[in-house]
Amino acid sequence: MNTFLSRLNTIFAFTLSVMAGLTFCCFLSTDFNLNQENVTLGTGKVSVKEVRDYSAEKEKKDLGFIVFDLNADLTPLFNWNVKQLFLYLTAEYETKSHKLNQVVLWDKIVERGNNAVFDLKNANTKYYFWDYAHGLKGNQNVTLTLSWNVIPNAGRLPKVMGTGSHSFVFPNDYSSGRF
Amino acid sequence: MSGLLNMDFLDEVRRMNKRQLYYQVLNFGMIVSSALMIWKGLMVVTGSESPIVVVLSGSMEPAFYRGDLLLLTNHQEEAIRVGEIVVFKIEGRDIPIVHRVLKIHEKEDGSLKFLTKGDNNSVDDRGLYAPGQLWLEKKDVVGRARGFLPYVGIVTILMNDYPKFKYLVLACLGIYVLIHRE
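If you read the sequences in order, they're chains D and V.
Okay, so the first sequence: first residue is 1 according to our numbering, each after it adds one.
Okay, so the second sequence: first residue is 1 according to our numbering, each after it adds one.
This is the structure in structure tokens:
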């Protein structure tokens, strides 16, 4: 009974050590990857309205509407240590009240094995483009970028911005009528 | 004559057992204080009050499942940006929540308001915040997720869900450390 338990103990400890070592090697092997890729972005029709935001302060705020184009091939980013890529499309802009605003308009989870080639034309955003107040009307520089968060099997969680951004301008008047 | 020898031998055995017992207790104390030093040291290096957390809910699937381990840092000079996975606490509640930043609005002086959402949730976290709270601020953040280890935290989940298992594990560990002669 003694030797059986101690053998079991040794096997268990050895298995744990080997698994820990393998995990560490897995992390090291991909830690220095740049995870960079080129991305082409564009926008179609862009408009802004002033709407009461019932999900927040219930004041009237600027609500932007855009349709976007996205062209990217992210298949080279996948390796044995990448479980999934979390893609997110960010709109970054400056307003009078806030120096830096970042809003995620669209995101997608791409797991290893799934299709990682994107060719979207005039796609709708997933999330509403609310500003904090009235900073979208007539805004001369709103920059769209696509970034991804690499989720590994074990290791770091880097956020990488794709090379290739697109800037657009909001019109100076609120649009009326249907969306 | 042989009787006296027997008593001497017994005394020596009893004395050795006491010394070994003290040794075992000191050994145990060393292990506990080393673990505490490592934990506190990690807290200083990462700047977070809770440098290692176990994922408790499925709101970030398929990236993080229940039982995965996250390494957090909370360096104030690293600004919070969208796409980051932050661990935050709602005022008045104990449970840390691990979600992703969806929107930020930062003023010139550095004050920042941000909104979060779990990857696996269909709506943002406004419903989770305290009543009347619409945004999170830097002070609510416990840490930012920087590293990830799968499955390792499953022991914590098991111990939370089955408290009897927790006592069993602690008892076994205690007995093992006291008996093991190395």
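C-beta: ideal position from N, C-alpha, C; glycine also.
- Assignment of residue 65 (chain V) by DSSP, reduced to helix, strand and coil, places it in the coil class.
- Listed in chain order, the beta strand (DSSP E) runs fully inside the stretch 47-108 of chain D are 60-73, 82-93, counting runs of at least 3 residues.
- Two segments are said to touch when three or more pairs of C-beta atoms, one from each, lie closer than 8 angstroms; by this definition the stretch 134-148 of chain D touches the stretch 39-50 of chain D.
- The C-beta separation of residue 170 (chain D) from residue 137 (chain D) comes to about 6 angstroms, placing the pair in contact by the 8 angstroms criterion.
- At a C-beta separation below 7 angstroms, residue 66 (chain V) has no neighbours in chain D, since its nearest C-beta there lies roughly 16 angstroms away.
- Taking CB atoms only, residue 138 (chain V) has no neighbour in chain D less than 8 angstroms away.
- With fewer than 16 other beta carbons inside 10 angstroms of its own, residue 163 (chain V) counts as exposed.
- Any Cβ of chain D closer than 8 angstroms to the Cβ of residue 99 (chain V) would place that residue at the interface, and such an atom is absent.
- Non-local beta-carbon contacts of residue 105 (chain V) in its own chain, meaning distances under 6 angstroms to residues more than five positions away in sequence, involve 113 in chain order.
- Under the three-state reduction of DSSP output, residue 30 (chain D) falls in the helix class.
- Using beta-carbon distances, residue 148 (chain V) counts as an interface residue toward chain D, with a partner under 8 angstroms.
- In the DSSP annotation of this structure, the continuous segment of the alpha helix (DSSP H) that includes residue 155 (chain V) starts and ends at 154-161.
- According to DSSP, residue pairing for residue 157 (chain D) in a beta bridge does not occur.
- Shown here, residue 100 (chain V) sits in a strand according to DSSP, grouped into three states.
- Under the DSSP assignment, residue 119 (chain D) falls in the beta strand (DSSP E) whose first and last residues are 117-124.
- The beta carbon of residue 75 (chain V) sits closer than 6 angstroms to those of 47, all from its chain and outside the five residues before and after it, given in chain order.
- Per DSSP, the continuous beta strand (DSSP E) segment holding residue 149 (chain D) begins and ends at 142-152.
- Taking C-beta atoms under 8 angstroms as the contact rule, residue 155 (chain D) and residue 30 (chain D) qualify, at a distance of about 7 angstroms.
- Taking the beta carbon of residue 109 (chain D) as reference, the chain V residues within 8 angstroms of it are 62, 63, 119, listed in sequence order.
- When the beta-carbon positions are compared, residue 96 (chain V) and residue 57 (chain V) stay at least 8 angstroms from each other.
- A direct Cα-Cα distance of roughly 43 angstroms separates residue 55 (chain D) from residue 166 (chain V).
- Chain order gives the chain V residues near residue 55 (chain D) as 126, where near means a beta carbon separation below 7 angstroms.
- Annotated three-state conformation of residue 81 (chain V) is coil, per DSSP.
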